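Below is one structure; the comments refer to it alone.
Numbering (our numbering), first residue to last: 196 to 450.
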């Protein structure tokens with residue numbers, strides 16, 4: 196982009212100095228590569244970036260225009276708001292956030308300097324040393340259609356054999372419903388061993404589930420429980436992969 200190239204040329208050149216190079220730890224190097232990938236994705240996707248100053252009632256919007264890994268800075272588009280532009284030019288610290296393919300990313304920053312070309316402002320920021328990123332679920336969660344009966348059976352202390360209906364499932368966990376209020380019992384349970392996952396597609400398979408959350412829905416008279424698969428071997432993983440593949444095929448084939 197000619198505008199960005201021109202802006203770069205206006206920036207002061209770094210003086211050549213001798214320095215003792217230190218090799219970063221592997222984790223630091225991996226983070227650097229990850230941060231560069233996140234920034235490149237934000238730039239390539241032209242993802243809107245939210246800029247929030249500490250005392251501002253609402254965020255402003257910008258966009259990542261260019262990244263210079265070697266000279267350690269990034270360039271973002273001007274804020275199309277007079278007050279936001281004023282705060283930026285006064286070098287007030289802010290939080291910049293956006294989404295990289297659904298993953299929420301956030302980092303703190305502060306302007307180094309800015310330039311204006313043809314009446315359009317651009318801001319130069321330091322290359323982020325740390326980026327927070329959060330993806331709530333690594334694997335997609337598939338809802339179970341009402342016409343497919345899928346259950347989890349297990350025993351609870353002092354309770355009859357429990358049969359539950361699976362609400363949704365992924366490679367990492369599942370949610371099931373129980374048609375009575377067992378919230379007070381499950382709140383004291385961390386793991387459920389020897390759970391039998393029953394589907395119409397294959398023979399039952401045993402898993403260990405770790406309870407993550409539990410709530411009782413009074414209007415539906417049912418307890419909803421979210422669980423994560425733990426201590427899973429290759430047999431269990433293969434079973435789940437095949438099951439999810441069948442469910443995906445079914446959802447694509449149903450109108």
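Don't be surprised by glycine CBs; every beta carbon is placed ideally from N, CA and C. Small disclaimer: the values here were computed from a predicted structure and weren't measured.
Remark: C-beta atoms of residue 371 and residue 362 approach each other more closely than 8 angstroms. In the DSSP annotation of this structure, residue 345 is not part of any beta strand (DSSP E), being labelled neither H nor E.
Counting C-beta atoms within 10 angstroms of its own C-beta, residue 394 has 16 or more neighbours from the protein chains shown and is therefore classed as buried. By the criterion of at least three beta-carbon pairs nearer than 8 angstroms, the region 341-348 is not in contact with the region 302-322. Rounded to whole angstroms, residue 295 and residue 284 show a C-alpha spacing of 27 angstroms.
For residue 380, the enclosing alpha helix (DSSP H) begins and ends at 378-381.
Rounded to whole angstroms, the separation of the alpha carbons of residue 420 and residue 249 is 38 angstroms. For the 8 angstroms CB-CB criterion, residue 409 and residue 403 do not form a contact. Secondary structure at residue 305: coil, using DSSP grouped into helix, strand and coil.
Under the DSSP definition of a beta bridge, residue 357 partners with 349.
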